[in-house]
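>
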Amino acid sequence: MKTPPHNAQPAAVPAPAGEPCPLCPTPAAGASAGAALPPGSRILLTAAQIQTRIRQIAGQISTDYKGLDLLTVAVLEGARPFHRDLVQRLTVPAASDAVQTSSYGHAHASSGVVTLSRDLTSNITGRHVLLVDDIVDSGHTAAFLIDALARRRPASLKLCALLDKPCRRVTPVAPHYTCFTINDVFVFGYGLDYKGQLRDLPYVAAIPPSPPGEE
Ligand code: IMP
Ligand code: MG
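Note that the working numbering numbers the sequence shown so that position 103 is 112, with each residue one more than the last.
#1: Apply the 10 Å Cβ neighbour rule to Tyr74 and answer buried if 16 or more other Cβ atoms are within range, or exposed otherwise.
#2: Helix, strand or coil for His149? Go by DSSP, reduced to three states.
#3: Let me have the residue list for the ligand MG: C-beta closer than 7 Å to any non-hydrogen atom, ordered along the chain.
#4: Which residues bound the beta strand (DSSP E) around Ile52?
#5: On the CB-based measure, 16 or more other CB atoms within 10 Å of its CB, does Ala104 come out buried or exposed?
#6: If you measure from the CB of Phe91, is any heavy atom of the ligand IMP nearer than 8 Å?
#7: Would you say the beta carbon of Arg177 is closer than 8 Å to some non-hydrogen atom of the ligand IMP?
#8: Leaving out five residues on either side along the sequence, give the residues of the same chain with a beta carbon under 6 Å from the beta carbon of His149.
#9: Do Ala215 and Ala197 have their beta-carbon atoms positioned less than 9 Å apart in this structure?
#10: Assign Ala57 to buried or exposed, taking buried as 16 or more other Cβ atoms, counted over all protein chains shown, within 10 Å of its Cβ.
#11: Within its chain, find whatever has a CB closer than 7 Å to the CB of Ala152; leave out the 5 residues flanking it on each side and keep chain order.
#12: Do you know offhand how far Gly39's Cα is from Arg51's?
#13: Alpha carbon to alpha carbon, how far is Pro211 from Tyr203?
#14: Quick check: the Cα distance between Ala42 and Ser131, rounded to an integer number of angstroms?
#15: What's the call for Ser147, buried or exposed, on a 16-neighbour Cβ count within 10 Å?
#16: Measure the alpha-carbon distance for Asp128 versus Phe91 and round it to whole angstroms.
#17: Decide if Gly135 is buried, meaning its Cβ has at least 16 other Cβ atoms within 10 Å, or exposed.
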């Protein structure tokens with residue numbers, strides 16, 4: 010059976026020449042007139058950088074899944090805009106579905122106890138499934154979903170992440186496709202929330218680390 014290549018991981022790219030480096034943040038204030046951003050927030054990835062990278066990844070996925078029965082699965086809520094923009098740029102047919110997880114822990118760290126709060130509506134047995142998530146942090150959520158979906162015997166199961174924070178990994182999991190690798194900062198925007206808000210920003214911003222004892 011034809012499966013997408015396992016070494017499909019393109020390197021996470023630095024910012025194109027002439028654009029600010031995504032790992033050298035710039036203040037967010039000027040980019041979002043009127044939005045109530047947390048004090049000290051900085052833009053990590055501009056909307057243009059995000060969209061450029063999604064076009065590249067969508068091209069790679071379109072090549073890898075050509076001729077295959079592809080089902081993309083958005084991990085809600087955070088991956089909603091990323092999944093939408095990624096699917097729009099695929100040049101191969103793809104069906105879409107979604108799952109949602111709940112995890113317990115405090116605002117900035119998952120406890121590792123993950124449950125499925127919304128299941129797929131599709132049967133995935135024998136299909137090529139691509140999980141699309143916003144960020145891989147501890148890895149608990151991705152590992153849980155990969156384990157849960159693998160039991161349904163898809164033809165292949167891969168993970169595509171907008172952001173990867175490998176320095177935070179607790180459960181070993183590596184996305185097959187990563188748009189951007191970032192350092193240990195808490196980010197929001199483009200689907201990711203800060204205290205339940207700011208998901209609708211077209212860019213990704215970071216809040217400064219809390220002083221010790223205030224996390
Ligand atoms: P995990 O720790 O890899 O299981 O990540 C679980 C989920 O926590 C992610 O899918 C996000 O929804 C959320 N998350 C992790 N890091 C961040 C962050 O920096 N900002 C916003 N949400 C985050
Ligand atoms: Mg998520």
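Where a beta carbon is used, it is the ideal one built from N, C-alpha and C, also for glycine. Just so we're clear, the structure is a prediction, and the values are computed from it rather than from any experiment.
With the structure as the only source:
#1: As a working mapping, residue 74 is identified with position 65 in the sequence shown. By the neighbour-count rule (16 or more Cβ atoms within 10 Å), Tyr74 is buried.
#2: One-based indexing of the sequence shown puts residue 149 at position 140. Reduced to three states, the DSSP call for His149 is helix.
#3: Val84, Gly87, Ala88, Asp142, Asp143, Ile144 and Thr150
#4: If you number the sequence shown from 1, residue 52 lands on position 43. Counting along the chain, the beta strand (DSSP E) containing Ile52 begins and ends at Arg51 to Leu54.
#5: Working through the sequence shown from its first residue, we reach residue 104 at position 95. With fewer than 16 other Cβ atoms within 10 Å, it is exposed.
#6: In the sequence shown, counting from the first residue as 1, residue 91 sits at position 82. No.
#7: Mapped onto the sequence shown, residue 177 falls at position 168. For the ligand IMP, at least one heavy atom lies less than 8 Å from the Cβ of Arg177.
#8: As a working mapping, residue 149 is identified with position 140 in the sequence shown. Same-chain partners within the cutoff: Ser119, Gly121, Val123 and Thr180.
#9: Reading the sequence shown from its first residue, position 188 is the one you call residue 197. Reading the sequence shown from its first residue, position 206 is the one you call residue 215. Checking the sequence, you will find Phe at residue 197 rather than Ala. Contact flag set, yes.
#10: Mapped onto the sequence shown, residue 57 falls at position 48. By the 10 Å Cβ count, Ala57 comes out exposed.
#11: Here residue 152 refers to the residue found at position 143 when the sequence shown is read from its first residue. Cβ contact annotation for Ala152 (same chain, cutoff 7 Å, sequence separation greater than five): Thr180 and Val182, in chain order.
#12: Taking the first residue of the sequence shown as position 1, residue 39 is located at position 30. Taking the first residue of the sequence shown as position 1, residue 51 is located at position 42. Low per-residue confidence applies at Gly39: pLDDT is 40, beneath 50, and the placement is therefore not dependable enough to give any value.
#13: By one-based count along the sequence shown, residue 211 stands at place 202. By one-based count along the sequence shown, residue 203 stands at place 194. Near 14 Å, if we compare the C-alpha coordinates of Tyr203 and Pro211.
#14: Along the sequence shown, read from residue 1 onward, the residue named residue 42 stands at position 33. Along the sequence shown, read from residue 1 onward, the residue named residue 131 stands at position 122. Per-residue confidence for Ala42 stands at a pLDDT of 44, beneath the threshold of 50, marking its modelled position as unreliable; the derived number appears in the next sentence. Taking the straight line from one Cα to the other gives about 41 Å.
#15: Taking the first residue of the sequence shown as position 1, residue 147 is located at position 138. The residue is buried, with at least 16 neighbouring Cβ atoms inside 10 Å.
#16: Taking the sequence shown and counting its residues from 1, one reaches residue 128 at position 119. Taking the sequence shown and counting its residues from 1, one reaches residue 91 at position 82. Cα-Cα distance, rounded: 19 Å.
#17: One-based indexing of the sequence shown puts residue 135 at position 126. With fewer than 16 other Cβ atoms within 10 Å, it is exposed.
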